[in-house]
């Protein structure tokens with residue numbers, strides 16, 4: 028089926044069910060950044076493969092919102108389909124909620140799969156729609172219904188992340204969380220965010236490509252620490268978890284569990300990281316409170332054992348990068364090396380490390396002009412062969428038991444133009460400017476971002492992505508709350524936080 | 028009566044009425060930054076004269092929260108009273124809401140004058156208190172009851188601000204606001220913020236010291252533009268306002284007006300700039316919506332006529348500063364000049380300008396060590412005499428019909444130490460670093476603040492205040508939404524916005 032045929036099929040179903048507009052998001056029920064292919068509804072319906080998109084489909088229109096990293100890619104991938112790209116956060120474009128409200132008739136019906144939208148986003152959408160008395164149906168998974176060759180969810184086993192890596196036992200972590208709950212008078216705290224769960228329980232899995240997380244929910248009360256997970260996934264850990272007083276529950280059991288807690292409980296979770304379907308099933312007898320994910324800041328501030336491990340893993344990983352660059356420079360032009368080969372070579376070199384698990388994200392190996400696409404990835408259908416001239420951008424990293432790495436290198440393979448030299452130098456100046464920053468405790472990354480942007484802006488240039496992000500510990504390569512970007516988000520830097528430093532010029 | 032006697036009196040009343048804790052804020056019903064003395068409950072009850080404070084009084088404790096600008100001053104002014112100072116936004120101190128919740132017994136009673144707290148603050152407080160089922164009484168003005176020599180509210184007349192200064196007529200401004208209301212499906216928009224009202228209607232007054240605003244509220248609907256103001260204040264403007272279809276209503280008539288609009292209206296106002304008492308009187312038949320003050324951004328983006336006027340007024344004001352510095356350097360050491368004289372001299376010099384109205388804020392003339400207190404102001408009881416040595420800090424400005432100025436100068440009066448030279452140079456470097464900034468449209472001030480802080484932070488120094496603020500046009504010397512400070516607030520810079528540039532070293 029072509030993309031347009033799929034859209035036609037969806038429109039047929041919408042017509043049957045009296046739905047005026049249907050929304051598709053990029054999220055799984057855990058608001059995972061790079062969700063498993065099982066939840067890649069956006070790719071199925073539009074063909075777009077970027078990590079951020081929201082789709083709106085009506086009788087007459089098919090729109091896809093994405094951000095600056097993907098404008099080039101979306102333009103290319105949506106060509107020849109019904110879809111029109113919309114720029115997210117651009118002053119000239121309308122956000123999808125406003126657009127959805129405007130395009131849907133008074134008293135109309137909109138629908139989406141409520142498991143794939145956060146409580147926060149859903150509330151914003153419902154607020155907009157209420158202005159025209161548009162109703163939102165959240166239990167209709169139209170795409171799930173028409174997706175025939177849909178990828179299965181993973182059945183991979185969960186394993187214990189050893190204390191020699193984690194540095195703090197799960198009882199201690201749970202007890203810190205309970206301290207916050209007590210202070211905030213919260214009876215039950217629901218965690219949907221997969222890396223928070225993996226961190227809290229010192230468990231790792233392999234359900235999400237290049238991540239070490241596993242599909243699950245957690246509820247913490249003063250009496251119980253409940254892990255909601257498919258029983259066959261967790262079979263290797265049952266004994267150890269029982270020893271730490273963790274109780275095991277079925278994956279889809281969160282609403283029932285919460286509703287059985289008794290009446291008038293204060294239930295808290297992070298509205299931005301929990302799906303709306305679960306929220307909508309919580310009995311109205313409870314009070315629901317939005318809080319910042321308690322575990323996120325705990326997880327972000329690495330302990331001494333983690334920091335020691337991170338230093339070690341980065342020294343080893345750097346050696347692998349040197350080995351890779353040596354191989355590349357010695358062989359480029361002598362044998363055929365394509366962008367696709369780079370990724371494999373890196374896995375081969377890193378894979379010899381006894382603690383190596385997988386890449387930490389899909390390698391970006393982008394030769395010459397391809398590097399202008401942020402988060403470009405070569406495919407079997409479209410890739411370049413590397414020649415002994417110009418630049419090769421390699422952004423890659425590894426998941427190791429003792430840490431997660433994320434390294435970007437722009438490698439000079441031969442003659443480069445004076446413009447390329449200028450751009451390379453500017454990027455280096457940005458990187459050094461940030462690396463040398465002296466700053467007050469408690470500052471947020473948006474301030475430091477200025478230091479990285481300054482050399483660029485002074486030359487009337489900019490890059491349309493963040494400068495740095497938190498990095499997990501044998502966990503997600505993107506981790507909050509800290510961040511270095513132009514986005515104005517309060518996430519004070521605290522001791523133990525780790526961030527990347529990756530300005531760039533994209534042209 | 029001493030401060031402690033006043034507190035004892037208040038505690039007596041609290042006991043009679045069964046109130047466990049009483050809160051006093053620095054705000055008038057319009058959330059004015061530097062509110063009229065009539066509303067200076069904080070000064071009456073504590074003796075503290077800074078522009079930011081929150082007071083909490085219980086049977087056993089008297090606490091005053093303020094920010095870094097006022098730590099030195101509060102420490103001095105609260106000495107010998109029951110009051111203990113609490114640092115606002117300090118990692119080690121508890122915020123007043125949490126403290127209030129913790130100190131009040133389960134099912135206890137807290138009270139405050141609801142007209143002196145914003146809807147936003149009140150909601151946060153109520154949320155905290157609800158965790159212990161503490162009730163909040165908002166219609167009890169205990170301090171108003173015991174304040175015998177309370178300053179009267181002003182009766183000053185309102186006057187028309189000529190179009191040759193304002194550059195845009197009130198009909199046009201109102202029509203722009205109505206455009207937003209239509210877009211957002213808002214039936215009635217309430218403005219409490221005095222400078223927004225003055226800007227919207229091209230009116231000026233003199234109710235707040237050094238401001239050009241007047242006590243009033245506004246409600247805008249598609250059909251009406253209603254100004255709620257004491258009739259004797261507005262008598263000079265009745266005809267012109269009638270000509271622009273502005274209807275006049277009594278100052279305290281907002282709730283009745285809103286409740287008479289019919290049922291099921293969407294009423295919007297800025298929760299942070301509207302008082303909770305009015306909010307609490309709005310009929311539950313209406314839907315209330317929190318929005319960012321619509322007029323603030325319109326007001327912040329100066330039009331061409333305003334910008335032309337602002338350039339002119341700053342050239343004239345700079346000439347007055349030169350005249351002042353010449354006078355000072357010629358006379359220091361020859362005649363007695365005190366900090367108090369500086370303020371008078373500046374009024375004398377600026378006062379000769381045909382468009383001059385008043386200072387735009389209380390002049391800060393701080394000699395040597397006094398300059399270490401941010402927002403220091405000399406008093407009849409305590410001031411320094413200026414000698415021909417060291418530094419004099421002068422931070423002053425004027426309200427003119429064609430603009431508002433804000434100028435800080437550190438004047439060298441004789442020999443200065445090498446440390447003073449270093450600090451002066453650092454401040455200059457900060458100022459120049461910010462002044463030379465090249466930045467993208469839409470950036471928020473927190474990013475640019477980094478450029479001003481960098482020279483300081485690189486020397487392990489900091490200043491505990493913002494770097495820059497918006498400046499009104501013949502209006503408040505502090506004006507939002509734009510701002511340059513470490514505070515992480517999204518307020519994108521737009522064309523026509525004007526900001527100050529005032530880093531400093533305080534020691």
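Chains as they are written, first to last, in the numbering used here: chain W, 28 to 534; chain F, 28 to 534. Where a beta carbon is used, it is the ideal one built from N, C-alpha and C, also for glycine.
### Message
For residue 445(W), count the other beta carbons within 10 Å of its own beta carbon; 16 or more makes it buried, fewer makes it exposed. Which is it?
### Response
By the neighbour-count rule (16 or more Cβ atoms within 10 Å), residue 445(W) is not buried but exposed.
### Query
Which residues, in chain order, does the stretch 505–517 of chain F contribute to contact with chain W at a C-beta distance below 8 Å?
Those residues of the stretch 505–517 of chain F that come within reach of chain W (Cβ to Cβ, closer than 8 Å) are 513, 515, 516 and 517.
### Message
By alpha-carbon positions, which one of 136(F), 408(F), 512(F) and 73(F) ends up nearest to residue 109(F)?
### Response
Checking every option, the nearest Cα to that of residue 109(F) belongs to 73(F).
### Message
Can you pull the chain W neighbours of residue 158(F), defined as C-beta to C-beta under 9 Å?
### Response
Within chain W, the residues near residue 158(F) are 211, 212 and 293.
### Message
Taking the beta carbon of residue 140(W) as the centre, do at least 16 other beta carbons fall within 10 Å, making it buried, or is it exposed?
### Response
Burial of residue 140(W) is indicated by the presence of at least 16 other C-beta atoms within 10 angstroms of its C-beta.
### Query
Does any C-beta atom of chain F lie closer than 8 Å to the C-beta of residue 118(W)?
Chain F places a beta carbon closer than 8 Å to that of residue 118(W), counting this residue as a contact.
### Task
With 9 Å as the limit, tell me which residues of the stretch 458–482 of chain F have their beta carbon closer than that to any beta carbon of chain W; keep them in chain order.
Answer in chain order: 463, 464, 465, 466, 467, 468, 469, 470, 471, 473, 474, 475, 476, 477, 478, 480 and 481.
### Message
Distance check for residue 289(F) and residue 210(F), CA to CA, integer angstroms please.
### Response
Between residue 210(F) and residue 289(F), the alpha-carbon positions lie close to 21 Å from each other.
### Query
So which of 135(W), 295(W), 263(W) and 521(W) has the shortest CA-CA distance to residue 219(W)?
Nearest option by C-alpha distance: 295(W).
### Message
Just to confirm my understanding: we take residue 100(F), look at its own chain, exclude 5 residues before and 5 after, and list those with CB closer than 6 Å. What are they?
### Response
Once the five neighbours on either side are set aside, the close Cβ partners of residue 100(F) are 77 and 400.
#### Entry: Partners in chain F for residue 134(W), counting only beta-carbon separations shorter than 9 Å
Ordered by position in chain F, no residue passes the 9 Å Cβ test against residue 134(W), which lies about 14 Å from the chain.
### Task
Use the C-beta contact count for residue 249(W): other C-beta atoms within 10 angstroms, 16 or more gives buried, fewer gives exposed.
Exposed, since its Cβ has fewer than 16 Cβ neighbours within 10 Å.
### Task
Give the single residue among 341(W), 366(W) and 144(W) whose Cα lies nearest to the Cα of residue 383(W).
Nearest of 341(W), 366(W) and 144(W) to residue 383(W), Cα basis: 341(W).
### Query
Are any of the Cβ atoms in chain F nearer than 8 Å to that of residue 330(W)?
Chain F, which has no Cβ nearer than 8 Å to the Cβ of residue 330(W), makes this no.
### Query
Going along chain W in order, which residues have a C-beta closer than 8 Å to the C-beta of residue 317(F)?
None at all; the shortest Cβ gap to chain W is about 11 Å.
### Contact with chain F by residue 485(W), beta-carbon distance below 8 Å
It does: the Cβ of residue 485(W) has a partner Cβ on chain F nearer than 8 Å.
### Task
Could you pull out every residue in the same chain whose Cβ sits closer than 8 Å to the Cβ of residue 469(F), ignoring the five residues on either side in sequence?
Closer than 8 Å at the Cβ level, and outside the excluded window around residue 469(F), lie 519, 520 and 521.
### Query
What residues in the stretch 266–297 of chain F have a beta carbon less than 7 Å from any beta carbon of chain W?
Listed by position, the residues of the stretch 266–297 of chain F near chain W (Cβ gap below 7 Å) amount to none.
### Query
Quick one: what's got a C-beta closer than 8 Å to residue 291(W)'s C-beta in the same chain, skipping five residues either side?
Taken in chain order, the residues that qualify are 312, 313 and 314.
### Message
I'd like the span of the beta strand (DSSP E) that includes residue 112(F), first residue to last.
### Response
Run containing residue 112(F): 111–114, per the beta strand (DSSP E) assignment.
### Rounded distance between the beta-carbons of residue 532(W) and residue 454(W), thought under 8 Å
With a beta-carbon spacing of about 6 Å, residue 454(W) and residue 532(W) fall inside the 8 Å limit used to define contacts.
### Query
Can you name the residues of chain W whose CB is closer than 7 Å to the CB of residue 489(F)?
467, listed in chain order.
#### Entry: Nearest-angstrom Cα separation, counted from residue 297(W) out to residue 153(F)
So the alpha carbons of these two residues sit roughly 21 Å apart.
### CB contact flag (residue 93(F), residue 115(F), <8 Å)
In contact: residue 93(F) and residue 115(F) (Cβ atoms closer than 8 Å).
### Query
Cα-Cα, which of 164(F), 135(F) and 159(F) is closest to residue 149(F)?
Considering only alpha carbons, the answer is 164(F).
### Query
Since residue 421(F) contacts residue 462(F) with CB under 8 Å, what's their CB separation in whole angstroms?
Not really, about 20 Å apart at Cβ, beyond 8 Å.
### Task
Give the range of the beta strand (DSSP E) segment to which residue 100(F) is assigned.
Not the beta strand (DSSP E): residue 100(F) falls in the alpha helix (DSSP H), residues 98–105.
### Message
Under 8 Å: do the stretch 263–271 of chain W and the stretch 234–243 of chain W share three or more Cβ pairs, one atom per stretch?
### Response
Segments in contact, no.
#### Entry: Endpoints, beta strand (DSSP E) assigned at residue 92(W)
89–93 is the span of the beta strand (DSSP E), which, as asked, contains residue 92(W).
### Task
Would you list the one or two residues that DSSP bridges to residue 162(W)?
The partner list for residue 162(W) (beta bridge, DSSP) reads 136(W).
### DSSP-derived helix/strand/coil call for residue 369(F)
Residue 369(F): helix per DSSP, three-state reduction.
### Query
Are residue 323(W) and residue 223(W) touching if we call contact CB-CB under 8 Å?
Yes, Cβ-Cβ distance for residue 323(W) and residue 223(W) is below 8 Å.
### Task
Grab the span of the alpha helix (DSSP H) containing residue 316(W) for me, first residue to last.
Where residue 316(W) is concerned, there is no enclosing alpha helix (DSSP H), although the beta strand (DSSP E) it sits in stretches over 314–317.
### Message
With a threshold of 8 Å, are at least 3 pairs of Cβ atoms found where one atom belongs to the stretch 43–59 of chain F and the other to the stretch 480–487 of chain W?
### Response
At 8 Å Cβ cutoff, the stretches do not touch.
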